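Single-structure report; data block below.
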Amino acid sequence: MLYAMTKGTAEAKKSEVLQGTLDLMILKTLHALGPLHGFGIARRIEQVSEEVLQLNEGTVYTSLLRLQQQGWITANWGTSENNRKAKFYSLTKSGLKQLARETENWERIAGVIGRVLLLEGQK
Amino acid sequence: MLARLRLFAAKFWALFSDRKPDHDFDDEMQTHLRLLTDRYICEGMTSDDAASAARRQFGNAFLLQEHRREMRTFPSLENFLRDFRFVLRQLRKSPGFSIIAIAVLALGLTANAAIFSLVNGVLLRSLPFAEPERLVALFERDVIDNNNPYNSVAPGNFLDWQRLTKTLDRIAGISFASFNFSGGSISAAAERIDGCAGSGNLFETLGITPILGRTFLPDEDRPGSTRVAIVSYDLWKRRFNGLPGVLSASIRLNGEPYTVVGVMPPTFSYPARSVQVWLPLQVYLPATVLQSHDNHILTVIGRLRPGVSVAQARAEIDGIVRRYKRAHPEEVMGKGGNVVSLGEFTVGGIRTLLLLLLGAVGCVVLIASVNVANLLLTRAVGRRREMAIRAALGASRGRVVRQLLMESVVLYLFGALAGLLLASLLTDYLAARAPNAAWLPHAAQICVDPSVFLFTLGMALVTGILAGLFPALHASSFDIASDLKEASRSNTPTRSQSRFRDVLVAMEVALSLVLLVAAGLLMRSFGELLSTNLGLRTANTLTMRISLPETKYRERTQVSTFLKELSDQLKSAPGVLDVGLSSCPTVVLPGFCPDTVFQIENQPSPAGKLMDAQYRAVDPGFFRAAGIPLLQGRPFTVRDGIGLDDKHPHPGNVIINQALAKQFFAAQDPIGKYLTLYWFVGNNVERTRLRFRVIGIAANVLERPQGSTEPTFYVPILDGDSTDISIILHTTRDPDSIVAEARSIIHRMDADLSVFGVQSVRELIGETTRDTQFIMALFGLFGGLAIALAAVGLYGLVSWGVSQRVNEISIRIALGATRGEVRQMILIKGLRPALIGIAIGVPFTAFAASLLRNLLFQVRPVDPFTFIVVPLMLLGVAILASSLPAIRATRIDPNIGLRSE
Chain A
0 MLYAMTKGTA EAKKSEVLQG TLDLMILKTL HALGPLHGFG IARRIEQVSE EVLQLNEGTV
60 YTSLLRLQQQ GWITANWGTS ENNRKAKFYS LTKSGLKQLA RETENWERIA GVIGRVLLLE
120 GQK
Chain B
0 MLARLRLFAA KFWALFSDRK PDHDFDDEMQ THLRLLTDRY ICEGMTSDDA ASAARRQFGN
60 AFLLQEHRRE MRTFPSLENF LRDFRFVLRQ LRKSPGFSII AIAVLALGLT ANAAIFSLVN
120 GVLLRSLPFA EPERLVALFE RDVIDNNNPY NSVAPGNFLD WQRLTKTLDR IAGISFASFN
180 FSGGSISAAA ERIDGCAGSG NLFETLGITP ILGRTFLPDE DRPGSTRVAI VSYDLWKRRF
240 NGLPGVLSAS IRLNGEPYTV VGVMPPTFSY PARSVQVWLP LQVYLPATVL QSHDNHILTV
300 IGRLRPGVSV AQARAEIDGI VRRYKRAHPE EVMGKGGNVV SLGEFTVGGI RTLLLLLLGA
360 VGCVVLIASV NVANLLLTRA VGRRREMAIR AALGASRGRV VRQLLMESVV LYLFGALAGL
420 LLASLLTDYL AARAPNAAWL PHAAQICVDP SVFLFTLGMA LVTGILAGLF PALHASSFDI
480 ASDLKEASRS NTPTRSQSRF RDVLVAMEVA LSLVLLVAAG LLMRSFGELL STNLGLRTAN
540 TLTMRISLPE TKYRERTQVS TFLKELSDQL KSAPGVLDVG LSSCPTVVLP GFCPDTVFQI
600 ENQPSPAGKL MDAQYRAVDP GFFRAAGIPL LQGRPFTVRD GIGLDDKHPH PGNVIINQAL
660 AKQFFAAQDP IGKYLTLYWF VGNNVERTRL RFRVIGIAAN VLERPQGSTE PTFYVPILDG
720 DSTDISIILH TTRDPDSIVA EARSIIHRMD ADLSVFGVQS VRELIGETTR DTQFIMALFG
780 LFGGLAIALA AVGLYGLVSW GVSQRVNEIS IRIALGATRG EVRQMILIKG LRPALIGIAI
840 GVPFTAFAAS LLRNLLFQVR PVDPFTFIVV PLMLLGVAIL ASSLPAIRAT RIDPNIGLRS
900 E
C-alpha cells in the first residue's frame, strides 16, 4: 500500500514507514497544526521523525486521497507561504474521532508489543 | 464495513465526476516539487541539482498518478466505460455504417424476440393457473373402435369419476356452448356469444378467483337450481360499463334469465378465448344427458392430489371405466380411461411448429449476423493502419481486440434494444394470430417479459462476439512496420480475408436456401389447400347461422313451421337461387359436427366393431344450395321425416354419402335398406333407436381441405329436432350483396334472433386454413428477409473485391484483357460462394423440409418443383447482385486506376 522505500544501502538504517501508520501520522499532524498542504505535511513528518523515517513524499498524496475518500479530511485550494497555489487539507469531525480511535489502538498495540518484548528479554 | 461502504460511495461518485481531480493533482504535485526545489536551492544546490533531488525525494510521479487514478475509482470499469465511450464516438463518426448495421440487426432481432416471446409464453411458461403441474386432462379412450385415446367424456362417466376418485382432488367437466345474449346496463341488440357450461368446481380446479363476486356454490350446480352465471372481464366492460352493479344483474341466455354472480379476471380464458360467460353444467345439460354414459360431450380436467403422478391417476381412471364397461357391455363408451398432463395436452400440437418458427428466426438472425460480420470486416481492413498506429503508441493487442469486439457488441445491443421495442408492439398481434390461438389460455403470457429481454440481449451478446471476433483478430494481427509503410498501397486482399468472406456469403446463401425452400413448400401446400375440391360449390355461396331459443320454440311443430317459412322467404329474395338448411355448417373444423352409432337392419355389425357415422339434419333444398350432387335416389321432400307426432313416429327417410355406402354396405345396394340410429338429441328430447330408410346416395364432401372423407348420413331437418341452424344460399351475384336482405328477412320473421357466422364458403375455407396461412406468411417473410440480406451480402462481397483489385484489373485491362473477360472474372468471384452455399444448403434444406412434413398438404417434403425453382431463383439473385459490381469493374479506366496510387 505504501511506497515507503529505502534509498540505497547507505541509508539502510532508516526505518520504513509501517503500513497504515502514515495515515495516522497525517491525521495527527493536521490535528496539531491545523490546515496544511501536502508539502507542509511532509516537512512536519520529516522534522518530527528527525529523519529516521524515510518516505517518498509522493506517497503522502496517496494517503491524503484515501483519508479524503473516507471523509476524515477535506481539501480546499489556498495559497502557500511563497504565494503558490496549493491544496490545504484539514481534519473533519469524523476525522477527529478516527484519530482518537487510531491513537488508542496504536497505544494498545504498542503496549502489548512492549510487554511481549520485555517478557522475552527477562528469559 | 462502514469504511468500505464510504470508500465504495466515493469511488462510485468519482465514476460520474469529470477528470478535474486528476488535473488538480498535477497542479498539486507541481507545487510540491517546486517547493522542494526551492528548499534545496536555499540549502545551496544548483537549480538543476535541486530539481533532480526534489524529484528523487518525491518518488515516481508517473506511477503515483497511475496508482492514484486506480484508487480514485474502479479501474476495470473505468477502462470499460472509456472504451465504450470511444466506441460510441467511432460509430457516430461513420453513421452510414452504423445505421445499416443496426437496422439489419434490428430486423433479425425483432423477428427473433417476437417469436421467442411466443415460444416463451406458450412452451416455456406453464399454464396461467395455480400449480399447473398438478392439472391434468381426462378422457375416455377407444369409444368407437378407432383407438382414439382422447375421446370426450360422457357426463355419466364424469360424475362417476368425481364420486370415486382417490388420486385427484377435483375433477371438473366442461361443455362448450354458444348463446343468444341480451342484457347488461347498456341497451344493445342481442348478440351471439360463446360460453361454457362448467361443473361448479371448475374455477377451484384451475385455482382462479374472480375479480368481482364469487364462483358457483355447490348447490348451484344441480339440475333445476337457480340460474346463475359468471361473465368475462371483456363482457363486463362492454355490456356493463365495468360497473360493480353487474353483480346480481339479470342477463338472458337463449331467452332464459340468469343472475350474474361473478366477473373473471381479464387474463383468464378457458376453455377458449372466445368464451364470455360461464354457467353451471347441471343447469345447462338436460337431466337425461347428464346421466348418460354414451353421450360423449364433455371436456374433463382435474387436479392431482399432491404427490400423485399422472400415471397413477391414469391407472385409477382407466380402472373405473373398465369396471363400468364390464358391467354394461352394451353402452357405447370408452374401453378405458386416459389421463395426461393438461399443459402437455394444450401445447403438444403446436410445439414442433413453434420450435420450427424459432429455428427459422434463428436462421434470420444468423444471416443478419453474417452481413454485419462482413461489414465489420470491411471496416477492419480499412482500419489496419489506425490499429497499427495505436499499437505503436503502446496499446496491447488484447486492448485493440477488446475495442473492436466491443464495437460489434454495441451494434448488436442497439439492434437488440430496437428489436425488443418493435417486438413488444408485435406480441399482441402474434398472440391473436398464433396457431391454435383461440384455444390457448396463454395469451396474456405472450409478451416481452424479463426472460425474452434476457434471451434477446444474451443472443445479441453471443452473436455480437462471434460476428466481431474474426474481424477484430484480423484487424489486430498487424505487422506494425509493414502496415504503417503500406500506408497507401492498396493491394489484392489476403487469402485469409477473402476466404473468410467467401465462407460468410456461402453460409448466408445456404441459410437463405433453407428458409426459402421452407417458405416455398408451405406456399405450394397452401395452394394445394385452396385448390382442393371439397365436393361442394365454393363460388357464390353464402352461409349464415341462427339459433332458435328453446324457450320460444319448444315444440317440434314450431321449429318445423319456422324452418319451412324461412326457406320460402329467403328463396324469394332477389339474387337467391337456392336455399338450404342444415344442422351443421358445411365447412367446419374437426369435431364440430356430431357423430352417432347406428346399425343396419338384418345385417349384423362386424364382430366387436361399432358402426359410427357423422350426421347432419338437412332440408329438401340443401343438396342443390350447397352444390352437392346426388348420385342415386332423390333429395328430401317435406314429407320424409318421422313426423311431428311424438307418440306415433313413422319410419323416416335418410340419405347416405358414398363413403358410408362403400364402407358399410360393400357390394349391396343400400337403397331401401333400414338404418337404426342409436341416439339422437335435439330440442330437449333424447330419442333412441329411430328407424330410417335409405332413399339416396350423395357424393362425398370434405369438411375442410385437410379433412378426410367421413361416412355421413343426412336426416330430414323438418322433423324440428335441430334448433341450431346453418343457412346456405346459392346466389346469382357476389354473396356479400345478399347479406343485408337476408338479415332483414330473418328479423322480420323473429326480431329476437341474432344472425351470426355470416361468411361465404370461400371465407369459411380460408378460416380452416388460417394456421397454415399464418405459418406460410411468417416463413415467407423470413425467406424474403433472408434473400434480401444474402443479396446485399453478395453485392458487398463482390464490390469490395472489385475495389480492392482496381490495380490488378487496371493492369489486366492495360495488358489487353477484354471487358467481357473482366466481367466474367468478377462474376465468377461472386457466383462461386453462391454455388458452394447452395451445394451445402441442399442437405440441410432436405432435413429442415422433413421437419415440416406434418405441416405440408399434398406436397412431399422433398418436392422436386420447389427444390429446383428455389436454388435457381437464388442463383438468379446471386448473378444480379454480382453483375452490378462486375459491370462497374469493366468501366475501370486503366489510366486512372494505375495512377491513383
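If you read the sequences in order, they're chains A and B. Okay, so the first sequence: first residue is 0 according to numbering that gives the first Met the number 0, each after it adds one. Okay, so the second sequence: first residue is 0 according to numbering that gives the first Met the number 0, each after it adds one. Ideal Cβ positions, reconstructed from N, Cα and C, are used throughout, including at glycine. Being a predicted model, the structure only gives us computed values, none of them experimental.
Between the Cα of residue i and the Cα atoms of the options, which residue gives the shortest distance?
| i | options | result |
| --- | --- | --- |
| I101 (chain B) | B:L375, B:F561, B:S736 and B:V805 | B:L375 |
| V575 (chain B) | B:F597, B:L541 and B:P593 | B:L541 |
| C195 (chain B) | B:I143, B:R272 and B:G244 | B:R272 |
| L901 (chain B) | B:G414, B:Y428 and B:L355 | Nothing in the structure corresponds to residue 901 (chain B), since chain B is present only between 0 and 900. |
| L252 (chain B) | B:T708, B:A189, B:I835 and B:L629 | B:A189 |
| V516 (chain B) | B:L533, B:F864, B:T36 and B:F712 | B:F864 |
| S407 (chain B) | B:D618, B:E343, B:V502 and B:L468 | B:L468 |
| P884 (chain B) | B:I694, B:E139, B:G800 and B:S707 | B:G800 |
| I915 (chain B) | B:K570, B:A49, B:F175 and B:L34 | Because chain B here runs from 0 to 900, residue 915 (chain B) falls outside it and cannot be looked at. |
| T767 (chain B) | B:A310, B:V451, B:F525 and B:R38 | B:F525 |
| V331 (chain B) | B:G206, B:L211, B:Y269 and B:V596 | B:V596 |
| T61 (chain A) | A:D22, A:K92 and A:L117 | A:D22 |
| L341 (chain B) | B:R302, B:L354, B:R321 and B:V371 | B:R302 |
| T91 (chain A) | A:T20, A:G19 and A:L26 | A:L26 |
| N200 (chain B) | B:R384, B:P243, B:P217 and B:R555 | B:P217 |
| P434 (chain B) | B:G397, B:P209, B:M458 and B:V346 | B:V346 |
Within 10 angstroms of its Cβ, does residue i collect 16 or more other Cβ (buried), or is it exposed?
| i | result |
| --- | --- |
| V115 (chain A) | exposed |
| F178 (chain B) | buried |
| Q29 (chain B) | exposed |
| S725 (chain B) | buried |
| C583 (chain B) | buried |
| Q857 (chain B) | exposed |
| F24 (chain B) | buried |
| F15 (chain B) | exposed |
| Y411 (chain B) | buried |
| Q667 (chain B) | exposed |
| H746 (chain B) | exposed |
| G95 (chain B) | exposed |
| Y428 (chain B) | exposed |
| S93 (chain B) | exposed |
Check whether the Cβ of residue i sits closer than 7 Å to any heavy atom of the ligand FAD, and report yes or no.
| i | result |
| --- | --- |
| D639 (chain B) | Questions concerning the ligand FAD fall outside what the structure shown contains, since it holds no ligand whatsoever. |
Find the residues of chain A that neighbour residue i, judging by a C-beta separation of less than 7 Å, and give them in chain order.
| i | result |
| --- | --- |
| L918 (chain B) | Outside the shown range of chain B (0 to 900) lies residue 918 (chain B), about which nothing can therefore be said. |
| A50 (chain B) | None at all; the shortest Cβ gap to chain A is about 14 Å. |
| A2 (chain B) | Q69 |
Taking Cβ-Cβ distances shorter than 7 Å, what residues in chain B pair up with residue i?
| i | result |
| --- | --- |
| N55 (chain A) | F57 and G58 |
| T58 (chain A) | G58 |
Starting from the beta carbon of residue i, find every residue of chain B whose beta carbon is closer than 9 Å, and list them in chain order.
| i | result |
| --- | --- |
| A85 (chain A) | D26, E27, T30, H31 and L34 |
| T61 (chain A) | L63, H66, R67 and M70 |
Can you pull the chain A neighbours of residue i, defined as C-beta to C-beta under 8 Å?
| i | result |
| --- | --- |
| D37 (chain B) | N81 |
Can you name the residues of chain B whose CB is closer than 8 Å to the CB of residue i?
| i | result |
| --- | --- |
| L150 (chain A) | The displayed coordinates of chain A run from 0 to 122. Any statement about residue 150 (chain A) would go beyond what the structure contains. |
Which chain A residues are close to residue i, counting only those with a beta carbon under 9 Å from its beta carbon?
| i | result |
| --- | --- |
| A9 (chain B) | Q67, Q68, Q69 and G70 |
Does the beta carbon of residue i come closer than 8 Å to any beta carbon on chain C?
| i | result |
| --- | --- |
| T45 (chain B) | In the structure shown, chain C cannot be found, because the protein chains are A and B. |
| request: Closer than 7 Å, Cβ to Cβ, to anything on chain A: give me those residues from the segment 59-70 of chain B, in chain order. | output: A60, L63, H66, R67 and M70
| Short-range partners of chain A found in the segment 199-224 of chain B, where Cβ spacing is below 8 Å | From the segment 199-224 of chain B, no residue has a Cβ closer than 8 Å to chain A.
| request: With 8 Å as the C-beta to C-beta threshold (strictly closer), list the residues of the segment 18-29 of chain B near chain A in chain order. | output: D23, F24, D26, E27 and M28
| said: Assess contact between the segment 225-240 of chain B and the segment 145-161 of chain B, defined as three or more Cβ pairs (one per stretch) separated by less than 8 Å. Is contact present? | reply: no
| request: Could you tell me whether the segment 813-833 of chain B touches the segment 131-148 of chain B, where touching means 3 or more Cβ pairs closer than 8 Å? | output: no
| task | With 8 Å as the C-beta to C-beta threshold (strictly closer), list the residues of the segment 77-101 of chain A near chain B in chain order. | result | Residues S79, N81, R83, K84, A85 and K86.
| task | Scan the segment 33-52 of chain A for residues whose Cβ lies nearer than 8 Å to a Cβ of chain B and list them as they occur along the chain. | result | H36, G37, F38 and A41
| request: Would you check if there are 3 or more beta carbon pairs closer than 8 Å linking the segment 608-616 of chain B to the segment 548-567 of chain B? | output: no
| query | Does the segment 638-657 of chain B come close enough to the segment 710-719 of chain B that 3 or more CB-CB pairs lie under 8 Å? | reply | Below 8 Å, enough C-beta pairs join the segment 710-719 of chain B and the segment 638-657 of chain B to call them touching: three or more.
| task | Determine contact between the segment 743-759 of chain B and the segment 331-350 of chain B, defined as no fewer than three beta-carbon pairs at a distance below 8 Å. | result | no
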